[in-house]
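> Mind looking over this structure? Questions follow.
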Amino acid sequence: TTSPAVSCVECQRRKQKVRDECNRQFPCNHCSKRGVAHLCRFLFHLLLTLDSDLEKRSRSSRKRNLDSSDDESPTEDMLYPDFQHTDFDVSVALNALGYMPHTHHLVLGNGAGPKVGKDPMGMDEGSEQSEELKAAMVSMPAKPYTADCLVDNWLSGANHHYYALYPPEFRTQYDGWWATPPNRVTPELTSLILRVCACSALFIIDGDVKERLESELRADAWTFANRMHVAAEKLNSSIPPGKGGMIQVQQLFLSAFWFKSAEKWTEAWHALGAAIRAANEIGLHQDALSEGMSEFDREMRRRLWSILYTWDFALGSMLSRPLLVNHADCTFVAPTLALEMDPEHPDRPSPFFHMNLHGKLCLDMAAQLTSVSNKVIPIGVVLQLRNIVEQFFKNLPAEYARHTPDTRWDEELEWVVFQRRYLHLIGYMCLLDPLKPYITQNSGKPMSDIDKALREEGIQAALGLMDVSWGLFECLVSAGAKFHYSVFCIFDTTTVLCSALVHDEARNLPQRETVIEAIKKGVQMLEELHTTSNTTASLCLILKSLLANLPLSAREKRVIGAPKRTKVGVSSPESDQVNEAGSSGGNLSGLFHMERSEAVSSNSNS
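Each residue of the sequence shown is one higher than the one before, counting from 1 in full-length UniProt numbering.
Below is the structure:
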């Protein structure tokens with residue numbers, strides 16, 4: 001039959017009573033209530049696919065019988081009866097030549113479209129375990145307390161940064177891994193669990209839990225995290241390209257996440273590239289390839305591709321690196337967020353909602369940048385990008401609003417606070433990036449009115465980014481965690497503001513005194529954090545070196561606390577004239593927070 005099942009597979013298994021039957025929507029009422037949306041699957045699409053295949057085979061068989069004649073030439077099947085072509089034979093051969101599975105129909109010249117099959121796994125059934133997998137299983141922390149504690153800490157904490165793992169599904173996979181005989185476990189799931197342990201160890205919020213873990217592990221959290229990461233990296237090297245399916249893409253993304261958390265940005269970018277290529281292998285970049293899959297599988301594919309897409313756009317902009325995603329050969333369909341829908345609380349935010357908002361911002365900006373052939377962005381495109389970001393801020397839901405947000409979910413859903421500040425950080429980053437050339441242009445040369453206006457907006461964006469960066473970092477550092485986007489933004493924005501002062505020959509930089517106070521605060525921020533990592537300590541030294549060579553007046557030096565320059569024969573300007581626009585002097589530390597919100601609000605209204 002091609003009729004859809006009355007109930008989803010899970011409700012049928014549980015023999016749900018007729019009077020309280022499944023509502024036949026995804027996810028259904030019972031699976032949603034029980035928190036097992038990943039088990040909610042309907043047979044309708046599968047049955048249609050089977051019927052379609054049977055019908056095609058039947059038609060093909062009838063045609064062969066009608067076309068057959070006594071004098072026709074012998075076919076290959078007649079000549080070689082023991083050799084039978086199968087879809088598997090063809091697929092294996094084409095994969096060996098390097099063709100992606102979803103392009104086989106193009107290679108063979110048939111128009112039936114790509115076949116949707118089960119994601120290839122890392123190990124063939126009955127194959128012998130690799131030495132890397134055996135070593136990884138030895139490295140796996142004990143389940144009763146250590147591994148369980150790290151998984152719980154990850155799913156309730158740092159997983160909400162990007163929500164790459166759907167907790168109910170991962171818990172099922174995790175429990176299944178421990179219940180599987182050691183000779184039957186797969187390398188990609190083993191690696192994923194090691195990645196979760198490695199990343200979780202860097203974000204342990206509870207001090208008592210951290211102390212107990214370090215006591216049991218006989219190592220500090222960082223040493224343990226690095227050990228788990230190394231074990232996962234070695235195991236990952238044994239997984240052939242194109243194998244492992246969604247789990248392989250997830251564990252490769254967590255590798256990029258770990259590198260970023262460890263302040264290894266170059267390694268993070270390369271790890272992201274590996275995750276994107278693995279995603280290409282299973283067709284995540286083209287949503288049409290998921291037709292015929294369950295609604296849950298389609299949703300998870302869209303979520304994972306959304307994360308990879310936004311990461312690529314963000315890291316490419318931050319690090320001035322080329323994009324890894326081929327925009328001409330990909331589609332982007334926003335996840336439905338149906339997995340977290342609660343009929344009793346329809347306005348309850350989804351843990352993935354912030355990624356949908358971030359993804360839309362990236363898509364809108366990318367559409368404007370497609371016409372830019374070099375790094376110099378035309379002023380018309382700059383204005384369009386500015387308008388896109390302002391519209392992004394304006395359209396943020398109440399719980400994520402830039403000014404006076406709705407905080408009713410903050411206590412119940414602690415991750416809302418992080419996601420709100422994350423969206424503000426992303427927004428200001430995107431706002432500042434195209435305005436940097438206008439901030440650092442030489443004020444001693446003639447400027448057009450639009451250049452002056454964009455210079456002022458750029459300064460305001462830089463001050464706003466400094467503010468939200470520190471607010472986000474404080475949110476996590478107070479709980480013992482790290483988020484190095486904040487450190488990067490603090491350093492990058494402070495250097496941009498220093499460059500603005502260096503090029504301010506006319507000494508007419510908008511909010512000059514507030515900028516000086518912001519630079520001072522940026523250096524103080526990194527000074528407070530210099531003990532957290534060697535990278536932060538190095539960044540702090542770079543800023544102090546820049547500070548010593550800024551062309552400041554004697555009064556400005558006293559405000560910023562800049563040391564004397566070591567370079568002999570270069571005198572700093574002694575004029576104390578400052579541009580008073582947007583700054584009234586006096587208590588600059590109080591203005592540092594207040595004036596930015598007021599000025600940004602007035603800019604957006606104008």
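No residue lacks a Cβ here, since even glycine has one placed at the ideal position from N, Cα and C.
1) Where does ASN183 fall in DSSP's three states?
2) Just to confirm, is the Cβ distance from residue 615 to PHE253 under 8 angstroms?
3) What did DSSP end up calling GLN25 once you bin it into helix, strand or coil?
4) Decide if ALA142 is buried, meaning its Cβ has at least 16 other Cβ atoms within 10 Å, or exposed.
5) Tell me whether the beta-carbon of ASP364 lies closer than 8 angstroms to the beta-carbon of ILE388.
6) Can you give me the Cβ contacts of SER533 inside the same chain, cut-off strictly under 6 angstroms, excluding the 5 residues immediately before and after it?
7) In terms of residue numbering, what span does the alpha helix (DSSP H) encompassing VAL209 cover?
8) Taking the straight line between their C-alpha atoms, what separation do you get for HIS403 and TYR422?
9) Going by beta carbon distance, what residues of the same chain come within less than 7 angstroms of THR336, once the five residues before and after it are set aside?
10) Excluding the five sequence neighbours on either side, which residues of its own chain have a C-beta within less than 8 angstroms of the C-beta of GLU132, listed in chain order?
11) Counting along the chain, where does the alpha helix (DSSP H) carrying PHE534 start and finish?
12) How about the segment 138 to 152 and the segment 196 to 216: do they share at least three Cβ pairs that are nearer than 8 angstroms?
13) Below 6 angstroms CB to CB, which residues in the same chain sit around GLU411 once its five sequence neighbours on both sides are set aside?
14) With DSSP collapsed to three states, give me the class of CYS330.
15) Would a C-beta distance cut-off of 8 angstroms place THR494 and LEU541 closer than the cut-off?
16) In whole angstroms, what is the alpha-carbon distance linking LYS440 and LEU497?
17) Tell me the DSSP secondary structure of TRP409 in three-state form.
18) In whole angstroms, what is the alpha-carbon distance linking ALA328 and LEU319?
19) With DSSP run on the structure shown, which of helix, strand or coil describes ARG555?
20) Classify THR536 as buried or exposed, calling it buried when 16 or more other Cβ atoms lie within 10 Å of its own Cβ.
21) Roughly how many angstroms lie between the CA atoms of VAL325 and ARG301, to the nearest whole one?
22) Hey, out of ILE516, HIS530, SER538, whose CA is closest to ALA554's CA?
23) Rounded to whole angstroms, what is the Cα-Cα separation between TRP305 and TYR163?
24) DSSP state of CYS498, grouped into three classes?
25) If you follow the alpha helix (DSSP H) that GLN12 is in, where does it begin and where does it stop?
26) With C-beta atoms as the reference, is PHE491 less than 8 angstroms away from LEU550?
27) Within 10 angstroms of its Cβ, does LYS33 collect 16 or more other Cβ (buried), or is it exposed?
28) Compute the Euclidean distance between the alpha carbons of MET429 and LYS445, then round it to the nearest angstrom.
29) Determine the direct distance from the alpha carbon of LEU435 to that of LYS452, and round the result to whole angstroms.
30) Roughly how many angstroms lie between the CA atoms of PRO343 and ALA398, to the nearest whole one?
31) If distances are taken between C-alpha atoms only, which option among PRO346, VAL416, GLU10, LYS243 comes closest to SER156?
32) Using CA atoms only, rank isn't needed, just tell me which of SER261, GLU216, HIS30 is closest to VAL487.
33) Just to confirm, is the Cβ distance from LEU425 to ALA461 under 8 angstroms?
34) Would you mind sorting PRO322 into buried or exposed? The rule is 16 or more other CB atoms within 10 Å of its CB.
35) What does a CB cutoff of less than 7 angstroms around GLN384 pick up in its chain, not counting 5 residues either side in sequence?
Once the coordinates are examined:
1) Here ASN183 carries a helix assignment [DSSP, helix/strand/coil].
2) No statement about residue 615 is possible, as the shown extent of the chain runs from 1 to 606 and does not include it.
3) If DSSP states are grouped into helix, strand and coil, GLN25 belongs with coil.
4) Exposure of ALA142 is indicated by the presence of fewer than 16 other C-beta atoms within 10 angstroms of its C-beta.
5) Judged by beta-carbon spacing, ILE388 lies within the 8 angstroms limit of ASP364, meaning their Cβ atoms are closer than that value.
6) The residues are GLU263.
7) Taken as a continuous stretch (DSSP letters only), the alpha helix (DSSP H) holding VAL209 covers 207 to 217.
8) Their backbone Cα atoms lie some 14 angstroms apart in a straight line.
9) Only GLU299 meet the Cβ criterion.
10) So the qualifying residues of the chain are PRO187, LYS234, LEU235, SER237, SER238.
11) In the sequence as presented, Phe is not what sits at residue 534; that position holds Asn. Taken as a continuous stretch (DSSP letters only), the alpha helix (DSSP H) holding ASN534 covers 534 to 548.
12) Touching, per the Cβ criterion.
13) Around GLU411: no qualifying Cβ.
14) Looking at CYS330 - three-state DSSP - the assignment turns out to be coil, as it is neither helix nor strand.
15) The answer is no: Cβ separation not under 8 angstroms.
16) Correcting the residue identity first, residue 440 is Thr in this sequence and not Lys. Rounded to the nearest angstrom, the two C-alpha atoms are 8 angstroms apart.
17) In this structure, TRP409 counts as coil in the three-state DSSP scheme.
18) ALA328 and LEU319: Cα-Cα distance of roughly 22 angstroms.
19) Helix, per DSSP.
20) That one is buried.
21) Rounded to whole angstroms, VAL325 to ARG301 spans 16 angstroms at the Cα level.
22) With distances taken between Cα atoms, ALA554 lies closest to ILE516.
23) It is roughly 12 angstroms from the alpha-carbon of TRP305 to the alpha-carbon of TYR163.
24) Note: CYS498 maps to helix in three-state DSSP.
25) Per DSSP, the continuous alpha helix (DSSP H) segment holding GLN12 begins and ends at 9 to 13.
26) Their beta carbons are not under 8 angstroms apart, which means PHE491 does not touch LEU550 by this criterion.
27) Taking every protein chain shown into account, the CB of LYS33 has fewer than 16 other CB atoms within 10 angstroms, so this residue is exposed.
28) Near 27 angstroms, if we compare the C-alpha coordinates of LYS445 and MET429.
29) Their backbone Cα atoms lie some 11 angstroms apart in a straight line.
30) Our two residues, PRO343 and ALA398, have alpha carbons roughly 19 angstroms apart in a direct line.
31) Out of PRO346, VAL416, GLU10, LYS243, the CA that lies nearest to the CA of SER156 is found in VAL416.
32) Considering only alpha carbons, the answer is SER261.
33) No. Outside cutoff.
34) Result: exposed.
35) Same-chain partners within the cutoff: GLN368.
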